[in-house]
Every structure is written in C-alpha cells, then in structure tokens.
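Input: a single structure, listed below in structure tokens.
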C-alpha cells in the first residue's frame with residue numbers, strides 16, 4: 078500500500094457545500110485491479126458495508142447525510158471533486174477515494190469498462206443533492222450532524238486521520 082492518502086480540502090462554493098471539517102482522501106493503487114470483490118471485502122472489514130457496483134454520475138452531486146467511499150475496480154475516470162471550481166483528479170483501477178458528507182463529485186469522463194464499488198459507514202444511508210437552489214441551506218446543518226466513521230475504509234485507521 079502507498080504511504081498515505083492524498084488530502085483534498087475543498088471549500089464551500091455556495092452551491093456545493095463540501096465538508097467544513099474533513100478532507101477528501103485519495104488512496105492510490107491500494108486494491109488489485111479488476112477485482113470488485115476485493116474492494117467489497119476491504120470496505121466491509123473496516124465497517125463500511127459495500128452498497129453498490131456501478132459508475133459515477135456525470136453531474137455534480139453530493140450526499141449531505143452520509144460519508145462515501147468509492148473504489149475504482151476497473152477502468153479509469155476523471156472526477157471533479159468539490160463542485161465546478163473544485164479539483165479534477167484522475168482515478169484508475171485500484172484507487173479509492175473517500176468523500177466526507179457534503180463533498181461534491183462528478184464524472185468528467187471514463188473508460189468504457191469503468192466499474193466502481195460504493196460504500197458508506199455502517200448505519201449511514203445517503204440522499205442526493207445536486208446543488209439546486211435551496212438545497213445548500215438545508216444541507217449544511219445536515220453535513221455537520223453526520224457522525225464520523227470509527228475507521229477509514231482502506232486501512233481501518235481511526236477517522237478522521
């Protein structure tokens with residue numbers, strides 16, 4: 078495994094709130110490429126039950142009521158983190174990104190074979206916001222109420238780091 082995750086501190090842009098306290102985490106090449114079951118097992122072992130296999134939506138969205146882990150099981154994807162003025166990152170099979178509640182994300186383009194495994198901390202179930210008028214004001218108090226997961230989903234270390 079790599080030394081440690083890349084950290085992304087993302088500011089509230091007035092539409093996408095992001096998380097005022099926790100950075101997004103990017104772990105590079107921590108899973109075997111092409112093996113979604115390995116991602117699911119890793120997440121489950123650290124208290125983040127796997128919830129789905131699919132892709133990443135091609136529009137800005139965030140979850141005000143749950144943290145989210147995304148493992149790239151197959152393919153590559155360019156993801157915008159943090160909303161329109163955020164940071165674009167290239168992800169490849171084996172990478173995991175951990176998005177604290179409120180963190181915007183959007184698929185900017187992916188390989189045809191993209192497969193993502195998504196997970197949330199035990200007991201958390203996400204709703205979706207897209208930065209529409211009125212959502213921000215309702216979402217910010219929700220984001221601050223989301224409990225921290227006891228452990229991050231990749232190494233199982235206490236979270237926040």
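Numbering (our numbering), first residue to last: 78 to 238. No residue lacks a Cβ here, since even glycine has one placed at the ideal position from N, Cα and C.
Exercise. Taking the alpha-carbon positions, what's the residue 189 to residue 117 distance?
Worked result: 21 Å
For this session: Please name the residue, chosen from 182, 191, 138, 136, that lies closest to residue 110 on a Cα-to-Cα basis.
Result: 191
Problem set entry | Close Cβ partners of residue 129 (< 7 Å) along its chain, the five nearest in sequence each way excluded | 195
Exercise. So what does residue 136 bridge to, in DSSP terms?
Worked result: In the DSSP output, where bridge partners are listed per residue, residue 136 has none listed.
Exercise. For the alpha helix (DSSP H) that residue 113 lies in, which residues bound it at each end?
Worked result: 113-122
For this session: Could you name the residues of the same chain whose beta carbon sits closer than 7 Å to that of residue 135, not counting the 5 residues immediately before and after it, in chain order?
Result: 183, 184
Problem set entry | DSSP-derived helix/strand/coil call for residue 148 | strand
Exercise. What's the C-alpha gap between residue 152 and residue 168?
Worked result: 9 Å
Exercise. Would residue 132 pass as a contact of residue 88 if the rule is Cβ separation under 8 Å?
Worked result: no
For this session: Whole angstroms is fine: what's the gap from residue 107's alpha carbon to residue 173's?
Result: 7 Å
Exercise. From this set, 218, 92, 146, 96, which residue's C-alpha is nearest residue 161's C-alpha?
Worked result: 92
For this session: Take the Cβ of residue 81 as the centre, count every other Cβ of all protein chains shown within 10 Å, and call the residue buried at 16 or more, exposed below.
Result: exposed
Exercise. Alpha carbon to alpha carbon, how far is residue 170 from residue 115?
Worked result: 12 Å
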